[in-house]
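When we follow this note's numbering, the leftmost residue of the sequence shown carries the number 1095, and every step to the right adds one. Since the structure comes first, as structure tokens, the remarks are kept for the end.
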Amino acid sequence: MRTRTKLLTFIAGMGILVSYAFYKPVPDGFAEPWQYRIVATISQAIQGLNYVRMCVWDRRCPTIFEELMETFSILETLVGDPPEEVPGSNIRSRVTSFDGIRVRVYEPIEKDGEGDLPAFLYFHGGGLVTGNIAYYDPAVRMISERIHAVGIAVTYRLAPKHVFPAAFDDAFAATKWFLRHADEFGVDPTRVALIGDSAGGLLAALVSGAISDEPSLPDIKLQVLIYPWLQSFDHNTPSMQKIRCQHGGFGQTVDMIGLMPYFVTAYTFGSVDEHLGQQIYANNHTSAAFKQSEFYQKHLSHDLIPADMKPDCYVPPTSDFGDDELWKNMKDALTSTKYSPLYREDFSKLPRAFVATFGYDCLRDDGIFYAKRLEYAGVPVKWVNYEDGFHGIPWFGDNSYEIGRQMAEDFIEYTKEHL
């Protein structure tokens, strides 16, 4: 009788999950909606079970940020350490360190020709609070194989344990070391690209700028930014409004809009403050004077976003509000070019770029702002918006989406052409 009860309970539970997957609303035009429903349902089921576990075992229900961090921690332990070689691949990987920064190096086993190879450094995503290079092993290996280049997957210290500018410092240090020792890897130091997704795109953009300021180092040849997070000034951009008002947080398996303020507080202050997060969410963390500044009005102008990319519910921003004291506490960090690539004054020395944005991503407009700055500075840039995709869309591995694979194909071809 007890076994039968357990079986019925299990069947009922599975039925609820399946029903939820079928019911889960997905925006019109969304890429591969059923695959998204399955992935989102599994992801949210894991988060839900983890939430219950923490409430019962720890006797304190976690915040959404704590729940997410714990869930990511569990998922990351399931990835395991990647093998050095994969059957059918011409790439061999090994773990080493660059100036004390742990990296995984991907090198062709058999080289084409006698000359030096190009190379790229990859910075993983995760909001600067989570993520690791093991998860991105298939991606870095694939890129290295496709463009026949040395690949470097870079680790960096994560918030909230390590605050600004720790992540930048690690990414910059690893890149400088590699450029100065490129010959040891058979690499031409003038043919090096920086690639990153989400927060990794932020680091790629920041380091590209920092290297351009170092006259003793060769310039970065190319930057590839995949659904990048590039600014923390405006949390009410048209793309933020689109996801918030049209889709209620859908467009990604994780509510990025609700979490972005906590990523900012974790990296800036080393803590996750509920009140501060709400202030950032409401755009109250910047002063009225800063909102009215030439930089804000020119480079974060919503007029830079094409009219057909603004949702019907779009509301133009106002600039007559803001917490002066909070801005005073955040200004030095947010206006640093180690934190905000858009705050850089001179874009003319930056490397050419491929910028990939997605229609169902609250960070879409960050990429547009950056691409426009490059364009106005005369820097070659290819910006592609994949309208049906969402933030964090799988673009490598067995569970990748067709539109994600297309994006990967596009930036790989661009990299092969210009690196």
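Glycine included, C-beta positions come from ideal geometry on N, C-alpha and C.
Residues near residue i by beta carbon distance below 7 angstroms, same chain, minus five either side
{"i": "Y1508", "result": "F1448, K1476"}
{"i": "M1424", "result": "T1362, H1379"}
{"i": "R1240", "result": "I1506"}
{"i": "E1179", "result": "R1186"}
{"i": "P1411", "result": "N1330, H1396"}
{"i": "A1293", "result": "G1219, G1220, G1221, L1222, W1323"}
Contact check, residue i vs residue j, beta carbons under 8 angstroms
{"i": "L1513", "j": "L1316", "result": "yes"}
{"i": "L1297", "j": "F1258", "result": "no"}
{"i": "G1295", "j": "T1431", "result": "no"}
{"i": "R1196", "j": "T1269", "result": "no"}
{"i": "G1221", "j": "L1353", "result": "yes"}
{"i": "F1490", "j": "P1177", "result": "no"}
{"i": "Y1480", "j": "I1497", "result": "yes"}
{"i": "V1173", "j": "Y1229", "result": "yes"}
{"i": "Y1437", "j": "F1384", "result": "no"}
{"i": "F1441", "j": "L1398", "result": "no"}
{"i": "W1271", "j": "F1217", "result": "no"}
{"i": "Q1325", "j": "P1405", "result": "no"}
Coarse secondary structure for residue i, derived from DSSP in three states
{"i": "A1276", "result": "helix"}
{"i": "V1449", "result": "strand"}
{"i": "N1493", "result": "coil"}
{"i": "A1479", "result": "Reading the sequence as shown, one finds Asn at residue 1479 and not Ala. DSSP places N1479 in strand when its eight states are reduced to three."}
{"i": "E1201", "result": "strand"}
{"i": "P1309", "result": "coil"}
{"i": "V1473", "result": "coil"}
{"i": "G1294", "result": "helix"}
{"i": "P1086", "result": "Nothing can be reported for residue 1086: it is not among the residues displayed for the chain, which extend from 1095 to 1513."}
{"i": "S1167", "result": "helix"}
{"i": "K1255", "result": "coil"}
{"i": "L1513", "result": "coil"}
{"i": "T1347", "result": "Any answer about T1347 is weak, because its pLDDT of 47 lies below 50 and its placement is not dependable; what the coordinates show is given next. DSSP places T1347 in coil when its eight states are reduced to three."}
{"i": "G1174", "result": "coil"}
{"i": "D1417", "result": "coil"}
{"i": "S1326", "result": "coil"}
{"i": "I1337", "result": "helix"}
{"i": "I1227", "result": "coil"}
{"i": "F1441", "result": "coil"}
{"i": "K1432", "result": "coil"}
{"i": "L1394", "result": "coil"}
{"i": "P1355", "result": "helix"}
{"i": "C1149", "result": "helix"}
{"i": "P1400", "result": "coil"}
Nearest-angstrom beta carbon gap, residue j and residue i [assumed within contact, 8 angstroms]
{"i": "H1242", "j": "P1181", "result": "At roughly 19 angstroms, the Cβ-Cβ gap does not stay under 8 angstroms, so H1242 and P1181 are not in contact."}
{"i": "L1457", "j": "Y1321", "result": "6 angstroms"}
{"i": "G1371", "j": "Y1356", "result": "5 angstroms"}
{"i": "R1235", "j": "I1185", "result": "5 angstroms"}
{"i": "D1504", "j": "T1331", "result": "With 8 angstroms as the limit, D1504 and T1331 do not qualify as a contact, their Cβ atoms being about 24 angstroms apart."}
{"i": "L1211", "j": "V1286", "result": "L1211 to V1286, Cβ: 10 angstroms. No contact."}
{"i": "A1562", "j": "A1213", "result": "Because the chain is modelled from 1095 through 1513, residue 1562 falls outside the range shown and cannot be assessed."}
{"i": "L1444", "j": "V1473", "result": "5 angstroms"}
Cut-off 6 angstroms between Cβ atoms - residues of its own chain near residue i, not counting five sequence neighbours on either side
{"i": "T1224", "result": "F1166"}
{"i": "G1345", "result": "Interpretation of G1345 is limited by its pLDDT of 42, a score under 50 that renders its predicted location unreliable; no figure is taken from the coordinates."}
{"i": "A1465", "result": "V1449, V1475, W1477"}
{"i": "E1308", "result": "none"}
{"i": "T1451", "result": "R1458, G1461, N1479"}
{"i": "M1501", "result": "A1450, Y1480, W1489"}
{"i": "D1367", "result": "T1359"}
Residues that residue i bridges to, as DSSP identifies them
{"i": "Q1317", "result": "L1288, A1447"}
{"i": "E1179", "result": "R1186"}
{"i": "L1215", "result": "I1246, L1288"}
{"i": "S1191", "result": "R1196"}
{"i": "Y1454", "result": "F1484"}
{"i": "V1281", "result": "L1211"}
Cβ neighbours of residue i in the same chain (closer than 8 angstroms, five flanking residues each side left out)
{"i": "F1104", "result": "Note on F1104: pLDDT 42, under 50, position unreliable in the model; the coordinate value appears next. Same-chain partners within the cutoff: there are none."}
{"i": "D1550", "result": "Within the shown structure, residues of the chain are numbered from 1095 to 1513, placing residue 1550 beyond reach of any answer."}
{"i": "K1255", "result": "G1364"}
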